[in-house]
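So that you can map any letter, position 28 of the sequence shown is 28 in UniProt numbering, and since no number is skipped, the others follow by simple counting.
The C-beta atom is built at its ideal place from N, Cα and C for all residues, glycine as well.
Quantities reported herein were computed from a predicted structural model and do not represent experimental measurements.
Working notes, beginning with the structure itself.
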Amino acid sequence: MNYSSENTLLYVENLSVAYGDKTIIKDINLVEKDTIRTGEVTGQVIAVVGRSGTGKSTFFKALTGLVKPTSGKVLIADTATTNAENDAKEVHEGDIGFVDQKYTLFRNKTVYEALMFALRKKEISKEAKNEQILTYLKEWGLEKAKDQYPCELSGGQRQRTAIIEQIFSSGHYMVLDEPFSGLDVGNIEDVKKAFKLITESHEYNTIIYSTHDIELAVELADSIYIIGYPEVDGKKMTYGSIVKHFDMKEIGLAWKEFGLGHLDIVKQIKAIMLQS
Ligand SMILES: Nc1ncnc2c1ncn2[C@@H]1O[C@H](COP(=O)(O)OP(=O)(O)OP(=O)(O)O)[C@@H](O)[C@H]1O
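Here you go:
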C-alpha cells in the first residue's frame, strides 16, 4: 500500500434527521481519516451518490450544521487548536463551507469585492487580503473576471467564485451539493481543476460532494458513499442511509487515470443505486 490512514478528519455517528414526523435520513455512520502519501499533499475527496430524494442534500445540511439532527453527531478535526492532530470538535454552522444548488453570489458585488467581503473576519492586513485574492484569481483562472458582476460570469466562473468565497470564510472542509450539474464540458474541467487546487494545497483539505454523474464520482473521489433506501428484514425503508461504501484507496484505484477498473466500479454503483 502506498498510503497510510492517520488522524480522523470526519466522524459521523448514527446521524438521523426528520422533518416533522417524517424521517428523511437515519443511522448514517462513517469515518474518514487523513490519507498520508510520502512526498504528496493529499487532501480528501469524498463523493456521495444516490437516487433523487434519498436525502443527500439533507445529509449535507446536517453535516454543515444547517439543520439540527434528530440524533447522532458529526465531529471534525479541530485544526484551530495547537494539537490539531488529535482533537475533534462537534461541527457548528460556519465550520464547513457549503455551496449548495441555490448558492447565490452578491448581485451588486464584483468577484473581487465579494471575495474581499468573504475575508472580512480574517485578522490580516488589507494588503495581505488583496494579495490572497489576486493569488486565488490567478490560480483559479479568474483573473479576467476580477471586476465582473455575477450576471456577467459563466456558470463555471460563478461556481468557482462561490467555492473560493466559502474557502475564505470557513476552514479546511468544503461541502458541494452537485457542483457539476448544469456545466458544460469546459466548465466541468475547470471545477475538476479547482478540486485539485484544494486538495493539493493542504493535507486536511476535505471536499465532500454529491453528483448524479457516477463516472465523475469514480474518477475524482477517494471514497464513495451510496445513499439509498435500506432494506431491513426484507422490507424497503422510506428513509435514506448509506447502503454501500467504496474505498477507492483500498481498491487501488485512487489517484489513477480513469480505466477499466473504474468502469467496473461505475457499473457496480449503478446496479446498487437501481436496487436501493
Ligand atoms: N425542509 C423540508 N421539509 C420537509 N421535507 C423535506 C425538506 N427538505 C427535503 N425534504 C424531503 O426530504 C427528502 C430528501 O430530500 P433531499 O433534497 O435531501 O434529497 P436529495 O437526495 O438531495 O435529492 P436530489 O438528488 O433530487 O437533490 C425528499 O423526500 C424531500 O421532499
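| query | For ligand 1, which residues count as neighbours when the test is a C-beta closer than 6 Å to any heavy atom? | reply | Of all residues, those with a beta-carbon under 6 Å from at least one heavy atom of ligand 1 are Y19, I24, G50, S52, G53, T54, G55, K56, S57, T58, reported in chain order.
| Quick one: what's got a C-beta closer than 7 Å to S16's C-beta in the same chain, skipping five residues either side? | Excluding sequence neighbours, S16 sits near T23, I25, K26, D27, P69, T70, S71, G72.
| Separation of M116 from W255, as counted between CA atoms | C-alpha of W255 to C-alpha of M116: approximately 34 Å in a straight line.
| query | Does DSSP put M116 in a helix, a strand or coil? | reply | M116: helix per DSSP, three-state reduction.
| said: Below 8 Å on the Cβ atoms is my contact criterion, and I expect Y163 with G43 to pass it. Report the Cβ-Cβ distance as a whole number of Å. | reply: Per the sequence shown, the amino acid found at residue 163 is Ile instead of Tyr. Not confirmed; about 13 Å, so no contact.
| query | Nearest to S210 by alpha carbon, out of R158, Q275, F180? | reply | Nearest C-alpha to S210 among R158, Q275, F180: F180.
| query | Given 8 Å as the limit, is there contact between the region 216-232 and the region 245-260, that is, 3 or more CB pairs closer than that? | reply | Remark: three or more beta-carbon pairs, one from each stretch, lie closer than 8 Å, so the region 216-232 and the region 245-260 are flagged as touching.
| DSSP state of N14, grouped into three classes? | N14: strand per DSSP, three-state reduction.
| field | DSSP state of H202 mapped onto helix, strand, coil | value | DSSP places H202 in coil when its eight states are reduced to three.
| field | Three-state class that DSSP yields for N108 in the structure shown | value | N108 falls in the coil class under three-state DSSP.
| query | Quick one: is E203 buried, meaning 16 or more other Cβ sit within 10 Å of its Cβ, or exposed? | reply | So E203 ends up on the buried side.
| For L274, is the classification buried or exposed, using 16 other Cβ atoms within 10 angstroms of its Cβ as the cut-off for buried? | Under this definition L274 is an exposed residue.
| message | Quick check on the burial criterion: 16 or more other C-beta atoms within 10 angstroms. Buried or exposed for L253? | response | L253 is buried by the Cβ-count criterion.
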